[in-house]
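See below for the structure under consideration.
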Amino acid sequence: MTGPDASKKSPRRAALGAALAALCGLVLWFTSLGDGWTNASYDYLFRFGHHSVTNRVALILMDNEAFARFGQTRGQPWDRAWHAKLLNRLADDGCELVVLDAFFGELRDSEKDAALARAMQRQRHMVVMAEQAQVTLPGVAGAQPTLPASIFLAASGTNWGVAWLDPDPDFIVRRQWPFPSPAAYPSLPWTAARLAGAKLAGPPQSRWLRYYGPTGAWPRMSYQYALTQPPGFFRDQIVFIGTQPKTSLPGTETDNDKFSTPYTRWTDEAAGGVDILLTEFLNLLNHDWLQRPAGGVEAGLLAITGIFLGGGLCRCRRWVASAVAAGIFVAVTMAAICLSYFTSYWFPWLIIVGAQIPCALVWSLATSPRREAGLEKNLGLANVLDTPGYELIHPPFAEGAYGQVWLARNDAGQWRALKAVYLANFENNSDPYEREYSGIQKYQPISDQHPGLLRVEFVSKKRKDYFYYVMELGDALEPGWQLAPATYKPRDLVSERAKLHRRRLPVKECLRIGITLSEALDFLHRQGMTHRDIKPQNIIFVNDQPKLADLGLITDIRPADQERTLVGTPGYMPPAPERPGTVAADIYALGMVLYVLCTGRAAALFPEVATTLVSTEEPPEFLPLNTVILKACQPLAADRYASAAQMRAALEETVVIIERNRNGTKATEKM
Numbered sequence: 011m012t013g014p015d016a017s018k019k020s021p022r023r024a025a026l027g028a029a030l031a032a033l034c035g036l037v038l039w040f041t042s043l044g045d046g047w048t049n050a051s052y053d054y055l056f057r058f059g060h061h062s063v064t065n066r067v068a069l070i071l072m073d074n075e076a077f078a079r080f081g082q083t084r085g086q087p088w089d090r091a092w093h094a095k096l097l098n099r100l101a102d103d104g105c106e107l108v109v110l111d112a113f114f115g116e117l118r119d120s121e122k123d124a125a126l127a128r129a130m131q132r133q134r135h136m137v138v139m140a141e142q143a144q145v146t147l148p149g150v151a152g153a154q155p156t157l158p159a160s161i162f163l164a165a166s167g168t169n170w171g172v173a174w175l176d177p178d179p180d181f182i183v184r185r186q187w188p189f190p191s192p193a194a195y196p197s198l199p200w201t202a203a204r205l206a207g208a209k210l211a212g213p214p215q216s217r218w219l220r221y222y223g224p225t226g227a228w229p230r231m232s233y234q235y236a237l238t239q240p241p242g243f244f245r246d247q248i249v250f251i252g253t254q255p256k257t258s259l260p261g262t263e264t265d266n267d268k269f270s271t272p273y274t275r276w277t278d279e280a281a282g283g284v285d286i287l288l289t290e291f292l293n294l295l296n297h298d299w300l301q302r303p304a305g306g307v308e309a310g311l312l313a314i315t316g317i318f319l320g321g322g323l324c325r326c327r328r329w330v331a332s333a334v335a336a337g338i339f340v341a342v343t344m345a346a347i348c349l350s351y352f353t354s355y356w357f358p359w360l361i362i363v364g365a366q367i368p369c370a371l372v373w374s375l376a377t378s379p380r381r382e383a384g385l386e387k388n389l390g391l392a393n394v395l396d397t398p399g400y401e402l403i404h405p406p407f408a409e410g411a412y413g414q415v416w417l418a419r420n421d422a423g424q425w426r427a428l429k430a431v432y433l434a435n436f437e438n439n440s441d442p443y444e445r446e447y448s449g450i451q452k453y454q455p456i457s458d459q460h461p462g463l464l465r466v467e468f469v470s471k472k473r474k475d476y477f478y479y480v481m482e483l484g485d486a487l488e489p490g491w492q493l494a495p496a497t498y499k500p501r502d503l504v505s506e507r508a509k510l511h512r513r514r515l516p517v518k519e520c521l522r523i524g525i526t527l528s529e530a531l532d533f534l535h536r537q538g539m540t541h542r543d544i545k546p547q548n549i550i551f552v553n554d555q556p557k558l559a560d561l562g563l564i565t566d567i568r569p570a571d572q573e574r575t576l577v578g579t580p581g582y583m584p585p586a587p588e589r590p591g592t593v594a595a596d597i598y599a600l601g602m603v604l605y606v607l608c609t610g611r612a613a614a615l616f617p618e619v620a621t622t623l624v625s626t627e628e629p630p631e632f633l634p635l636n637t638v639i640l641k642a643c644q645p646l647a648a649d650r651y652a653s654a655a656q657m658r659a660a661l662e663e664t665v666v667i668i669e670r671n672r673n674g675t676k677a678t679e680k681m
């Protein structure tokens with residue numbers, strides 16, 4: 011017996027799949043190989059939301075502005091007279107609790123030290139920072155606290171705590187220190203939470219931080235502004251005071267008070283140590299920390315999911331297995347997010363989503379008798395392609411859903427790209443195969459009439475099992491490929507982005523590409539055709555000219571109310587229920603391409619923009635381009651540009667605006 015029914019008769023295949031998926035999950039869970047999956051499972055929980063903070067807390071920062079205003083020097087202790095002045099102000103207002111993330115380990119100026127101590131004594135509750143020092147006795151390994159000078163320790167009512175953070179090897183702080191807590195001596199957040207009324211009794215336990223957003227969920231102000239607030243502003247508030255790093259960019263300088271958080275993965279911005287200490291404090295005060303289930307529970311769950319996935323997916327038809335895997339992917343992701351949001355538990359869910367599901371699906375597809383037969387047929391066809399006048403270079407340099415793309419040389423010695431489309435890849439369904447052939451036939455006569463379209467020079471006759479067409483060859487990713495033709499790779503927008511910092515193309519280059527492609531798209535639409543799959547992978551360069559490629563989905567434009575096949579690439583397709591195959595859908599896809607190019611972010615994150623892109627240190631050229639992108643990518647088709655020509659005109663106007671702004675800036679600088 012062959013085909014998908016045969017797989018249902020193979021308990022051995024199902025058992026092997028179950029064992030493989032379960033083993034995959036347990037190995038990643040038990041060994042350091044899975045640390046990346048586990049850490050990412052924690053980090054990405056905060057990508058989907060966070061708890062709010064209702065406590066009356068405020069953060070006063072010794073930031074760049076304050077350093078400049080008060081004449082202080084980075085890396086040197088602040089003038090204690092300023093601290094005394096701020097603490098007196100907080101005492102006058104009736105502040106509930108003050109936590110000072112600055113170490114006063116030695117006496118400096120007797121008058122200023124005494125003033126600072128008196129200001130500390132005036133607080134309702136005051137917590138001062140201690141440092142942690144390594145024990146250096148022979149044969150002894152450990153650490154001990156280094157307390158502040160006795161005058162300050164006494165002034166704070168001996169309320170001290172060690173300000174220490176324990177980042178993981180990837181420099182992200184995920185766990186509360188000490189881990190587990192409490193330990194032999196308290197942390198700064200622990201002492202502060204106890205004074206604020208937190209009930210922290212019980213045996214030590216492992217606590218993971220629950221973050222409250224990329225910049226926290228509390229008011230923040232520069233040190234200088236805290237001194238100018240109206241009387242009573244800080245009444246009954248809990249105030250943390252600490253240093254803000256010089257920059258928020260991770261890894262740009264030596265700064266022992268700058269740390270990465272889960273948000274750094276997608277914002278590229280680090281946080282100051284005092285922000286994380288304040289997060290720990292609120293976790294303890296509100297019993298809002300996260301914890302993991304017992305090890306046996308996690309291992310058992312991974313074993314069960316592996317058995318279910320590996321043994322179940324291989325009993326399904328290929329398309330059913332893929333659909334079920336996608337559904338489980340979404341279900342597990344949503345369950346993990348809800349678990350952490352509505353309870354105090356989190357689980358390394360990405361081991362299931364990123365490892366066990368793909369492992370089980372690959373096993374199902376790889377051992378499917380039907381799929382094996384289809385692969386053998388395609389491989390056989392690739393070896394017997396009849397392409398008179400063209401020599402194929404093995405292996406193919408690209409492969410899509412319907413066929414393979416080869417480097418080919420014609421009888422005149424010219425290099426071309428040849429795409430073979432196989433009937434077997436359409437599940438031997440002749441209807442979409444016929445549409446593919448009809449679409450490329452209609453496109454070929456107009457392909458050389460616009461520089462933004464990839465030229466097709468030949469379309470073969472339709473054979474029983476395949477057809478092919480020959481296109482102009484895109485620029486090579488690496489020079490000198492002609493000496494080893496099998497190494498040829500085309501230069502497309504994906505490879506262009508990969509070479510650039512933060513994967514962003516300059517605004518000027520984005521505009522050049524956008525204008526060229528919108529012109530090409532307008533021309534295509536005026537011929538009554540639509541592309542249906544515009545994305546960075548399908549835009550290649552020929553003699554440095556960007557061109558729309560991957561022509562297989564080009565078809566006739568159909569009325570908006572006519573049913574169309576759902577084809578394309580998620581992220582670049584308009585929101586449901588709208589379908590590709592219209593002018594508006596192509597405009598949406600091109601706008602999304604420009605968003606990806608100029609922001610460096612994935613299409614799924616639209617319309618988010620990295621803060622570094624719109625910071626005052628960046629030129630303001632992105633903003634007018636972003637206006638065009640937002641209109642092109644409106645959720646409702648009626649709100650987008652009515653035509654690609656309108657979008658091209660808007661991009662050209664953006665060039666004029668940017669040039670005008672640039673010239674105005676230069677004129678101002680000369681004045």
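Counting from 11, one number per residue, gives the positions in the sequence shown under the numbering used here. Ideal Cβ positions, reconstructed from N, Cα and C, are used throughout, including at glycine.
Reduced DSSP secondary structure (H/G/I, E/B, other) of residue i
| i | result |
| --- | --- |
| Lys268 | strand |
| Asp502 | strand |
| Val67 | strand |
| Glu628 | Low local confidence applies: a pLDDT of 47 at Glu628 is under 50, so the model's placement there is unreliable, with the coordinate-based value given in what follows. Glu628 falls in the coil class under three-state DSSP. |
| Met583 | coil |
| Tyr400 | strand |
| Gly364 | helix |
| Asn98 | helix |
| Ala333 | helix |
| Arg22 | helix |
| Ile564 | coil |
| Val150 | Note on Val150: pLDDT 47, under 50, position unreliable in the model; no value is reported. |
| Pro516 | coil |
| Tyr355 | strand |
| Pro213 | coil |
| Asn439 | coil |
| Gly207 | coil |
Proximity below 8 angstroms, CB of residue i to CB of residue j
| i | j | result |
| --- | --- | --- |
| Leu428 | Tyr400 | yes |
| Pro272 | Tyr605 | no |
| Met539 | Lys452 | yes |
| Pro188 | Gln215 | no |
| Leu219 | Leu287 | no |
| Phe243 | Asp103 | yes |
| Trp359 | Ala341 | no |
| Ser374 | Leu323 | yes |
| Met139 | Phe181 | no |
| Leu107 | Ile248 | yes |
| Leu117 | Ala153 | no |
| Ala599 | Ile544 | yes |
| Ser62 | Ala227 | yes |
| Gly578 | Arg611 | no |
Close-in-space but distant-in-sequence residues of the same chain around residue i (CB under 6 angstroms, 5 per side omitted)
| i | result |
| --- | --- |
| Phe533 | His460 |
| Gly35 | Leu312, Gly316, Ile361, Gln366 |
| Met481 | Ala427, Leu464, Val466 |
| Met583 | Pro590 |
Whole-number beta carbon distance between residue j and residue i, since they are thought to touch under 8 angstroms
| i | j | result |
| --- | --- | --- |
| Leu71 | Gly364 | Not quite, the Cβ-Cβ distance comes to about 37 angstroms (not below 8 angstroms), so this is no contact. |
| Ser350 | Leu69 | Their Cβ separation, rounded to whole angstroms, is 25 angstroms, which puts Ser350 and Leu69 out of contact at 8 angstroms. |
| Lys499 | Leu515 | Not quite, the Cβ-Cβ distance comes to about 19 angstroms (not below 8 angstroms), so this is no contact. |
Neighbourhood of residue i by C-beta distance below 7 angstroms, restricted to the same chain and skipping five residues each side
| i | result |
| --- | --- |
| Gly167 | Met136 |
| Val469 | Ile450, Gln451, Gln454, Tyr479 |
| Thr614 | First, the amino acid is wrong: residue 614 is Ala here, not Thr. The residues are Gly581. |
| Leu157 | Ala140, Leu163, Trp170 |
Cβ shell of residue i (< 8 angstroms), same chain only, five flanking positions each side left out
| i | result |
| --- | --- |
| Asp502 | Gly484, Pro546, Gln547, Asn548, Ile549, Ile550, Phe551, Ala559 |
| Ala411 | Asn435 |
| Ile651 | Note that residue 651 corresponds to Tyr in the displayed sequence, not to Ile. Contacts found: Ile597, Lys641, Ala642, Met657, Ala660. |
| Glu662 | Ile525 |
| Arg245 | Asp103, Gly104, Cys105 |
Identified DSSP bridge partners for residue i
| i | result |
| --- | --- |
| Ile549 | Leu558 |
| Gly316 | None; Gly316 has no bridge partner. |
| Glu141 | Thr156 |
| Glu482 | Arg426 |
Any non-hydrogen atom of the ligand SAM within 7 angstroms of residue i CB
| i | result |
| --- | --- |
| Gly283 | Because no ligand of any kind appears in the structure shown, any question about the ligand SAM cannot be addressed here. |
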